[in-house]
Each structure stands twice: as C-alpha cells, then as structure tokens.
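*Asks:* When the letters of the sequence shown are read in order and numbered with mature numbering (1 follows the signal peptide of the UniProt record, and there is no 0), they come out as residues -19 to -1, 1 to 365.
Ideal Cβ placement from N, Cα and C applies to all residues, glycine included.
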Amino acid sequence: MSKRLGFAALSAGMALTLAACGGEGAGGSGGAGGEGAAAEDLTIGVSMPTQTSERWIADGNNVKEQLEAEGYTVDLQYANDDIPTQSQQIDQMITEGADILVVAAIDGTALSGQLENAASNNIPVVSYDRLIRDSENVDFYVTFDNFAVGQAQGNALLQGLGLRNEDGSPGTATGPFNIELFAGSLDDNNAFFFFNGAMDVLQPLIDDGTLVVKSGQTSIEQAAILRWQQETAQRRMEDLLTSAYNDGSRVDGVLSPYDGLSRGIITALQNAGYGPTLDAANPMAVVTGQDAEIASVKLINDGVQSSTIFKDTRLLAEQAVAAASAFAEGNEPEANDTETYDNGVKVVPSYLLPVETVFADDIQSVLIDSGYWTADEVASGQSD
Ligand code: BGC
C-alpha cells in the first residue's frame, strides 16, 4: 500500500478544516510534508462511468497512460453506468490505499459519502468532466467549457438549417423550421450547461417564430434522456414523430447533445422514411451531436448526421494529470475558472478546455490531421 498524502497536498480549506479538528485524518502519518511525495510512491484511483461510450474508454486509457508515464500507479475502474458499482469501486480504491482520486461520476449527486471518506483519509479528489455535486470535498474540476458546448450545438443546428453561416452572419434560409430538443441525463450537471447553452442561441429564434418546437416540449425535463441512452432517445423520437408529425409535416432539425443519442434519433427518423442522407429527396433532419464518436463521424462523413462537437479527451487527460501531480507535489492545481461551477456547496476551482464544431468539411483538418481518428477509421466507422 502506498503512502497517503500529508497536509501539504491538500487544498487550503481542507487542511484548515482538518487542523481545526486537531487531527491529520486516517492516513495523515505517511505524508510527504512540504516537498510532496514521489510519483513512484503514489497510487491514483481513476473512476470512469461506463464503457458503452468510446469517449469514456478513451478518457480512461488516456488518463491511465499519462499518469503511468509520470511514474504513478493507477487503479482504473469502470462502473457500467451503475451508481452502487461506482460507489463501491471508489470505497475500495480508498481502502486499498489510493492517494488521489480522479472521478467521472455517473450521478453527480450520489458520491457525497465516498468523498467524505476520501476527505477523512486526506485524499484529494479531482472531478473529471462531470461535476460532483453537493459535497465540500471536491478539490478541483477539469472539464470543457460546457456552456460553450451547448452554444456550439445551437449554432451548429442553425448552420445546418442554413439560417446562419459559419461566421454567425445570416444564412440563405429564412424558415420557419420545425425542430425538436433533446437533453442529457438530469443527474449529470453537464446536461444543464449543454441545454442552457443551446437555448441561449435557439430561444430568440423560437420566440420570433423562425424555429417551431412542434411537440411543445421545450423544458429540459421533457427533453432529458436518462443515462444518455441511445435506445431511450430513439423511442422518444419515435413518440414525437407519432404525436406531433402525423399530419404530413416534417421535423427539419433536432438538437441532440451527444452522438449516441443522435444515432438513436437518426434511426427513428430513417425508420419513418427520412433520408437516408441530408440531400435525399425527403432529407434527413439536421441532427447535432457531441464527442466525435467514430460511428457518428462516419455518419457525418456519409452526409447523414449534420455535425458533432469535438472534445479532445487527450487534452482533458493532460489536465487531470496536471491536477493530480500538483496535489502530489503539495501544490494547488492551476485553475482558469473560479466562478462558474458551483456544486451546491462551494464553487469548485476548474480548468476548462475549448471545443470545436465538426461538419463533414472539418473531419480531415480537425479529427484526422490531429491524429484523433485515421481516415480508415472514419471510412469504416470503427476504431482500430
Ligand atoms: C460529457 C459528454 C458526453 C455525455 C454522455 C457528459 O457528461 O461531458 O461529453 O457526451 O456525458 O456520455
């Protein structure tokens, strides 16, 4: 079992709290004082939500590889989108001597107990991509600019419909267009940022009648898809088509916050006679996405899905590793945002990364030239 970190590795607030209690916490004795601990002596627990989506597999692998390259021992676990499994895995990481935790939560509100356990063992916690809510014991947050993701999705929908050009100037189309709105899982803090960011762009056009949400389902609660499940999105799209488009009208665009949902939505539309492509006689609706999953990048390349938002998980892993290393060395990680992410108990210092919108024309320059996917992977729709 590796040594626990001492006070120097803790955030100031945490250290003060513990000092006020007059104790070092369960694992405080083996800490490395002001100098921090050597990477070789430290174990980092990395808890990821699921392996059903490529992005989380890539996240897990990237974080593990980069931490190992720095000399840390890594305990990487995936929780099958099951909340009790994730809680149990984190408890076990703590029992087995993790010195730092990096956690991408399934349900951001369900880990307070585990985080209390971590705090009392002097274990700094880095919240990875999804903010852990309702806990004092989140020490740092690494993510993308999630509101900007939503805005980019809203803009991509407008661009796909021809209402706006890439530079934001008015496009050739005038509408009105029928659209439907999808949101992510309500237990994921990000879902609200994505939806609010998108509505920031879309609401004015809904208000002036350029965009019509024919189902009337405009609240995030109505649009949400529990656990980001593709099948649930497909069923909701089927229901929307049956209930709101059985009068011969068509849906022109769909705001989708994640590629997995987009594929479910596209399947429902194709089954109803849309497409198969955006330039077919009865064209596929303009569907947005997120994550640049390979199956969706192929669909974009084939002219079926309109766009996605690329989040370079390699860079996110780098930030997670930088945060963990800072804690290991007894320092505070460097934040570039200390205002946006209030988890219900405190504002968590964060590092936010930028994102990029990808249409078919951007695949080469953004995804292939950067080495994220190869041309062969894009053509086959499968990662090697
Ligand atoms: C992530 C997205 C992802 C979604 C579904 C969110 O928390 O930020 O990138 O599409 O989860 O996995």
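Considering only heavy atoms of the ligand BGC, does any lie closer than 7 Å to the CB of G94?
*Replies:* No, since every heavy atom of the ligand BGC falls outside the 7 Å radius drawn around the Cβ of G94.
*Asks:* Just the C-alpha distance for E315 and Y109, rounded to the nearest angstrom, thanks.
*Replies:* One C-alpha to the other measures close to 15 Å.
*Asks:* Can R111 and D169 be called in contact, C-beta distance under 8 Å?
*Replies:* In this structure, D169 lies closer than 8 Å to R111 by Cβ.
*Asks:* Around the C-beta of L207, are 16 or more other C-beta atoms found within 10 angstroms, so that it is buried, or is it exposed?
*Replies:* Exposed is the call here.
*Asks:* Does the count of Cβ pairs from the segment 300 to 319 and the segment 328 to 339 closer than 8 Å reach three?
*Replies:* Yes, the segment 300 to 319 touches the segment 328 to 339.
*Asks:* If we ignore side chains and look at the alpha-carbon of each, how far apart do V84 and V27 end up?
*Replies:* In a straight line, the C-alpha of V84 is about 6 Å away from that of V27.
*Asks:* For the beta strand (DSSP E) containing N159, name the first residue and the last one.
*Replies:* That run of the beta strand (DSSP E) goes 158 to 162.
*Asks:* Following the continuous alpha helix (DSSP H) through Q58, name the residue where it begins and the one where it ends.
*Replies:* Where Q58 is concerned, there is no enclosing alpha helix (DSSP H), although the beta strand (DSSP E) it sits in stretches over 54 to 59.
*Asks:* Kindly examine the ligand BGC and report whether one of its heavy atoms sits closer than 7 Å to the Cβ of N171.
*Replies:* Yes, since a heavy atom of the ligand BGC falls inside the 7 Å radius drawn around the Cβ of N171.
*Asks:* Closest by CA to E310, which one among R145, T31, E46, E51?
*Replies:* With distances taken between Cα atoms, E310 lies closest to E51.
*Asks:* If I25 sits next to A304, beta carbons under 8 Å apart, how far is it from one beta carbon to the other, in whole angstroms?
*Replies:* Not a contact, Cβ separation roughly 11 Å.
*Asks:* Only counting the same chain, and skipping five residues up and downstream in sequence, which positions put a Cβ closer than 6 Å to that of I281?
*Replies:* For I281, where only same-chain residues beyond five positions count, the Cβ hits under 6 Å are A341.
*Asks:* Any beta-carbon of chain C closer than 8 Å to the one on A276?
*Replies:* Looking for chain C here will not work: only one protein chain is present.
*Asks:* Taking just the CA atoms, how far does V267 sit from G254?
*Replies:* In a straight line, the C-alpha of G254 is about 14 Å away from that of V267.
*Asks:* Comparing C-alpha positions only, which one of N159, R36, N102 sits nearest to I187?
*Replies:* For the residues N159, R36, N102, the minimum Cα distance to I187 belongs to N159.
*Asks:* Taking a contact to mean a Cβ-Cβ separation below 8 Å, would you say V44 touches A356 in this structure?
*Replies:* Not in contact: V44 and A356 (Cβ atoms no closer than 8 Å).
*Asks:* What residue ranges within the segment 58 to 143 form continuous alpha helix (DSSP H) runs of no fewer than 4 residues, ordered along the chain?
*Replies:* Whole alpha helix (DSSP H) segments, 4+ residues: 64 to 76, 93 to 101, 127 to 142.
*Asks:* Which residues in the same chain as A99 place their Cβ atom closer than 7 Å to its Cβ, once the five residues preceding and following it in sequence are excluded?
*Replies:* Taken in chain order, the residues that qualify are I75, L82, V106, N118.
*Asks:* Less than 7 Å between the CB of W209 and some heavy atom of the ligand BGC, yes or no?
*Replies:* Checking the Cβ of W209 against the ligand BGC gives yes.
*Asks:* Would you identify the three-state DSSP class for G17, choosing helix, strand or coil?
*Replies:* DSSP places G17 in coil when its eight states are reduced to three.
*Asks:* Rounded to the nearest angstrom, how far is the Cβ of S364 from that of E358, given a contact under 8 Å?
*Replies:* With a Cβ gap of about 6 Å, S364 and E358 count as contacting.
*Asks:* In whole angstroms, what is the alpha-carbon distance linking D56 and L296?
*Replies:* Going by the C-alpha atoms only, they are around 20 Å apart.
*Asks:* Report the three-state DSSP secondary structure of S28 (helix, strand or coil).
*Replies:* Looking at S28 - three-state DSSP - the assignment turns out to be strand.
*Asks:* At a threshold of 7 Å, does K45 count as lining the ligand BGC (C-beta to nearest heavy atom)?
*Replies:* False, no ligand heavy atom lies under 7 Å from that Cβ.
*Asks:* With C-beta atoms as the reference, is I87 less than 8 Å away from A60?
*Replies:* Result yes, Cβ atoms of I87 and A60 sit closer than 8 Å.
*Asks:* Taking the beta carbon of E161 as the centre, do at least 16 other beta carbons fall within 10 Å, making it buried, or is it exposed?
*Replies:* E161 comes out buried.
*Asks:* Does DSSP classify P185 as helix, strand or coil?
*Replies:* P185: helix per DSSP, three-state reduction.
*Asks:* Hey, how far is the Cα of D22 from the Cα of E299?
*Replies:* The alpha-carbon atoms of D22 and E299 are separated by roughly 20 Å.
*Asks:* So, helix, strand or coil for I206, using DSSP?
*Replies:* In this structure, I206 counts as coil in the three-state DSSP scheme.
*Asks:* Residue range of the beta strand (DSSP E) that S331 falls in?
*Replies:* Its beta strand (DSSP E) spans residues 331 to 334.
*Asks:* With L259 as the anchor, note down where its alpha helix (DSSP H) starts and where it stops.
*Replies:* Run containing L259: none; DSSP gives neither H nor E here.
*Asks:* Rounded to whole angstroms, what is the Cα-Cα separation between F173 and G78?
*Replies:* Distance between the alpha carbons of F173 and G78 is about 35 Å.
*Asks:* Are there any heavy atoms of the ligand BGC lying less than 7 Å away from the beta-carbon of Q271, as far as the coordinates show?
*Replies:* Because some heavy atom of the ligand BGC lies under 7 Å away, the Cβ of Q271 counts as near it: yes.
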